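*Asks:* Residue numbers (my numbering): 2 to 616. C-beta atoms are modelled at their ideal positions from N, C-alpha and C, and glycine is treated no differently. These figures come from a predicted structure and were not determined experimentally. So that we are looking at the same thing, I have put the structure below in structure tokens.
This is how it looks when you write it as structure tokens:
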């Protein structure tokens, strides 16, 4: 897990080194720079996870020196691929997954990426063909940006490493569209900074003779599979896949832990780790017993008591991280510069959690990201009403499960009857169908997309195109700001293809979301957590902060002259009034406070990124 930077043609090493070191947070353990035959300059910042010796140093060359690589990520099945390559006569001089990746590319070319189970963004230079190969993992867990500036190709793990090459750091022409479509732009090549593009996940690229050709190598719809007819068999298969996904992600030469919320997904992950630790772990350290729990005392967001149930059940201690915004708020400007993008909630809780992880000597966590989008998160359950075929039993199952997911999250939700929910949904759905505005996807015309049921189509979109790509970007930044790598077993591509192949009623039912996870992991978890229906999510208690600890800060910020004159904020005067209503407790709804924060963030981003002095 690291950071990469490269330029074609070469760049002066002093200048290049300065750009590379803007990424030092991602790779605090080592760095390397090589200019190869005056044609390309490659740079790497290293976070040492597998093979801690200098043998894992990058840029790395193959034995003949024809190929060189810079790599950010982890290939979890590197042992299996290495054994396959050994049989073909390849020699290895390290125990790193980087060397396995490089030799796999030499053996199988661009098709090698289909063998990888992992997360990655890497570049391989072929000095004979004068050709650069770029690749980004299937779902976008690892970032990659690029730009063409004065006929020079620059690629990097974060935009800030490209800033020194720009004549001016200024907002993109698409900035206003992006700030109003926060969950849409991550799956495009659009970036907040003019002149920089996002390399698409699930794609490879070849740069030769001054031209970059990008091709898609992964589409989940091309890999859908036959599923067991029996639900019990589906549970068994999921359990087998999930435990193996956790097992190979426990391969590490450093201690590992988890960010534990007390929700189902993170609890299932650490419970799987505990179960696996009783058997044979085939590589690396068995030091995994480190759980970090974000605590929000006296707020509706606090789930720490559920997390303690889990750690008590598996017999380990937990580190509880009390989220106090005042301890970190004075660093908010630096956080926005490091984060680079926009989002709907404050980054403080997540940053504090992973900071605590690092302070306790942990550089790797296994976390539960991806399960919401795979199964039945964010209230999309109602989309299964269209799939219930007017069956009263199926319809009631969908409605009752949906109602069971709704709790009081500070919004004082008004109770609504099943019949009212059903009627409103069907009217809205029929209108969308008639207007042909239903389930917009880039893969809408794919034959297998049309075979998915309505509910699964919606999950496909939020997993591959909207919500999850945005969250993956966020958590890459939250963790890597602190030099921590997150591994995500629910994101294993074998699990993704299997779950996308299932009908909606295998994903939820009987009043429960994610029933496949619950049934598969029930033997290893406390019942109070396995069969808990309420869902809170990892957010900031922003209303409480605005009305108490940060009241003065919000008031001062929206009265700044620069805020009222900002061209990146829509109607600053109106936003000032909205925020002051919340600060003065005239509005208390969480959704209003979250929306106000979202509208304020372009100004905070402007101060942190555009107004920063770049030497």
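1. Could you check what DSSP says for residue 7 in three-state terms: helix, strand or coil?
2. At what residues does the beta strand (DSSP E) containing residue 1 begin and finish?
3. Helix, strand or coil: which one does DSSP assign to residue 219?
4. Among 505, 222 and 529, whose alpha-carbon lies nearest the alpha-carbon of residue 382?
5. Do three or more CB pairs link the region 540 to 554 to the region 288 to 308 at distances below 8 angstroms?
6. Taking contact to mean 3 or more Cβ pairs, one atom from each stretch, closer than 8 angstroms, check whether the region 5 to 20 and the region 145 to 157 are in contact.
7. Since I believe residue 473 is in contact with residue 141 (beta carbons under 8 angstroms), could you give me their beta-carbon distance rounded to a whole number of angstroms?
8. For residue 511, does the count of other Cβ atoms within 10 angstroms reach 16, so buried, or fall short, so exposed?
9. Please state whether DSSP places residue 251 in a helix, a strand or coil.
10. Leaving aside the five residues before and after residue 296 along the sequence, list all residues of the same chain whose C-beta is less than 7 angstroms from its C-beta, in chain order.
11. Residue range of the beta strand (DSSP E) that residue 204 falls in?
12. To the nearest angstrom, report how far apart residue 145 and residue 392 are at their CA atoms.
13. Assuming residue 449 contacts residue 225 under a Cβ cut-off of 8 angstroms, what Cβ separation, rounded to an integer in Å, is found between them?
14. Determine the DSSP secondary structure at residue 201, reduced to helix, strand or coil.
15. Buried or exposed: residue 549, going by 16 or more other Cβ atoms within 10 Å of its Cβ?
16. May I ask which residues mark the beginning and end of the beta strand (DSSP E) holding residue 156?
17. On a Cα-Cα basis, can you pick out the residue from 552, 172, 600 and 532 that is closest to residue 581?
18. Quick check on residue 417: buried or exposed, where buried means 16 or more other Cβ atoms within 10 Å of its Cβ?
19. Note the first and the last residue of the continuous alpha helix (DSSP H) segment covering residue 296.
20. Using 8 angstroms for Cβ pairs, my map puts residue 135 next to residue 205. What's the rounded Cβ distance?
21. Go to residue 45, then tell me how far its beta strand (DSSP E) extends in each direction, as first and last residue.
22. Take every Cβ of the region 116 to 128, pair it with every Cβ of the region 175 to 187, and state whether three or more of those distances are shorter than 8 angstroms.
23. Can you give me the Cβ contacts of residue 166 inside the same chain, cut-off strictly under 6 angstroms, excluding the 5 residues immediately before and after it?
24. Please say whether residue 482 and residue 26 have beta carbons closer to each other than 7 angstroms?
25. Quick check on residue 436: buried or exposed, where buried means 16 or more other Cβ atoms within 10 Å of its Cβ?
26. With three or more beta-carbon pairs closer than 8 angstroms as the criterion, would you say the region 246 to 255 touches the region 486 to 494?
27. Looking at the structure shown, is residue 412 part of a helix, part of a strand, or coil, going by DSSP?
28. Looking at the strands, I want to know which residues DSSP matches up with residue 71.
29. Only counting the same chain, and skipping five residues up and downstream in sequence, which positions put a Cβ closer than 8 angstroms to that of residue 554?
30. Would residue 361 be called buried (16 or more neighbouring beta carbons within 10 Å of its own) or exposed?
31. With DSSP collapsed to three states, give me the class of residue 515.
32. What are the uninterrupted segments assigned as beta strand (DSSP E) that are 3 or more residues long and contained completely in the region 553 to 592, given in chain order?
33. Our contact map puts residue 294 next to residue 261 with C-beta atoms below 8 angstroms; I'd like the distance itself, whole angstroms only.
34. Identify whether residue 234 lies in helix, strand or coil by the three-state DSSP scheme.
35. Whole beta strand (DSSP E) runs in the region 252 to 282 with 3 or more residues, listed along the chain?
36. Can you give me the Cβ contacts of residue 608 inside the same chain, cut-off strictly under 7 angstroms, excluding the 5 residues immediately before and after it?
*Replies:* Per the coordinate set shown:
1. strand
2. Since the first residue of the chain shown is 2 and the last is 616, residue 1 is not available in this structure.
3. Residue state, collapsed to three classes: coil.
4. 505
5. Yes: the two stretches touch, three or more of their Cβ pairs being nearer than 8 angstroms.
6. yes
7. 5 angstroms
8. exposed
9. coil
10. Hits under 7 angstroms: 303, 305, 321, 322, 323 and 324.
11. Segment 204 to 209, the beta strand (DSSP E) holding residue 204.
12. 47 angstroms
13. Your pair residue 449 and residue 225 checks out as a contact, with CB atoms roughly 5 angstroms apart and the cut at 8 angstroms.
14. coil
15. exposed
16. 153 to 157
17. 552
18. Exposed.
19. From DSSP, residue 296 is part of no alpha helix (DSSP H) but of the beta strand (DSSP E) over 292 to 296.
20. 7 angstroms
21. That run of the beta strand (DSSP E) goes 41 to 47.
22. no
23. 150 and 155
24. yes
25. exposed
26. yes
27. With a pLDDT of 42 at residue 412, under the threshold of 50, the modelled position of this residue cannot be trusted; read the value that follows with caution. Coil at residue 412, not helix or strand.
28. According to DSSP, which records beta bridges pairwise, residue 71 is partnered with 124.
29. 330
30. exposed
31. coil
32. none
33. 5 angstroms
34. helix
35. 257 to 260
36. 334
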